[in-house]
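To start, the structure under review is shown below, and the notes come after it.
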Amino acid sequence: MKMHILSGGRVRMKKSVYVPEAGREETIELPVSCYLLRHTQGNVLFDTGCHPSTATDAESRWGLLARVMVPLSGPEDNVIDQLRVVGLVPDDIDVVVNSHFHSDHCGCNEFFKKATVICHARELEVASSDRAEMKGYLSVDWKQDRPVETIDGQKDLFNDGRIVLLPMPGHTPGMTGALVSLQATGSFYLASDSAPLQSNLDQDVNPRNTALKEDNAKSMAEIRRIQAGGATVLFGHDDAQWQTLRHGQDYYD
Ligand SMILES: [Zn+2]
């Protein structure tokens, strides 16, 4: 199995959301990562990043969210253009896994018309609830006219231990990470917002945008156990780590 790390956009936010000691005016640039997993039984995309239109006109799609999470994406910083770099089109994707339903993680779901979409049952429930927009769930992104397949616990996607989805509630109730096992380069835990920056995990700091604080602390303890077991944690939005990783055509196997 090959794993390609693809850019799903880039945003600017207040640094204090992630780093409590940061000044009120300080900002931080965050990469948005998507992962293409080329398994013999199908192509899996873990998260779909920001919608391409947010690179030029985020407010039309995101409304007020565009002021909290300011897009800095270049014209090809979206998973559709990045898949093309790898030689694929959206119809080549068999399974889309959404770590959660925030707009920087499911913004391109609409393009994957042939894929089975998977997320945690709690995530679908919260995104569908009243006032979900206040919590960052925009139906234009997550709600498509196709059914979503839900999980409510750990799920081994192809029953071979290669891609195992792990619920990690905290950032959102249905937040889900994935443990990916590759032959040559070993195991990777795709954290998404269960561990956005390395400093959150290393210093055991809950980001301010954590919906369930106690659950998040438990999830971070679990991620540290996974890390201690030898897996490399791929943080959801850590620019320093992002710069060191292989991207696009350059893959892990
Ligand atoms: Zn995120």
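Start counting the sequence shown at 475; every next residue gets the next number (our numbering). Where a beta carbon is used, it is the ideal one built from N, C-alpha and C, also for glycine. Remember, predicted model here, so these are calculated numbers, not experimental data.
Check: If you measure from the CB of H711, is any heavy atom of ligand 1 nearer than 7 Å?; Outcome: yes
Check: Is there contact between the stretch 618-625 and the stretch 602-610, where contact requires at least three CB pairs shorter than 8 Å?; Outcome: no
Check: Count the C-beta pairs between the stretch 555-568 and the stretch 629-642 that are closer than 8 Å, then say yes if the count reaches three, no if not.; Outcome: no
Check: Spell out the partners DSSP gives V571 in its beta bridges.; Outcome: F520, I592
Check: Around ligand 1, what residues have a beta-carbon under 5 Å from a heavy atom of it, in chain order?; Outcome: D578, D667
Check: Tell me the start and end of each unbroken beta strand (DSSP E) in the stretch 637-693 that is at least 3 residues and wholly inside, in chain order.; Outcome: 637-641, 650-656, 660-666
Check: Give the secondary structure of E597 by DSSP, where H, G and I count as helix, E and B as strand, and everything else as coil.; Outcome: helix
Check: Taking 8 Å as the cut-off, does the stretch 702-721 touch the stretch 665-675 (at least 3 CB pairs, one atom from each stretch)?; Outcome: yes
Check: Confirm, please, whether the CB-CB distance from D531 to G581 is below 8 Å.; Outcome: no
Check: Please look up how many angstroms separate the CB atoms of T522 and G548, rounded, as I've assumed it's under 8 Å.; Outcome: Rounded, the Cβ-Cβ distance is 17 Å, inconsistent with contact.
Check: For D667, is the classification buried or exposed, using 16 other Cβ atoms within 10 angstroms of its Cβ as the cut-off for buried?; Outcome: buried
Check: Among A540, N552, V491, which one has its Cα closest to the Cα of L519?; Outcome: N552
Check: Using DSSP with H/G/I as helix, E/B as strand and the rest coil, what is D531?; Outcome: helix
Check: Can you give the Cα-Cα distance for I502 and H525, rounded to whole angstroms?; Outcome: 21 Å
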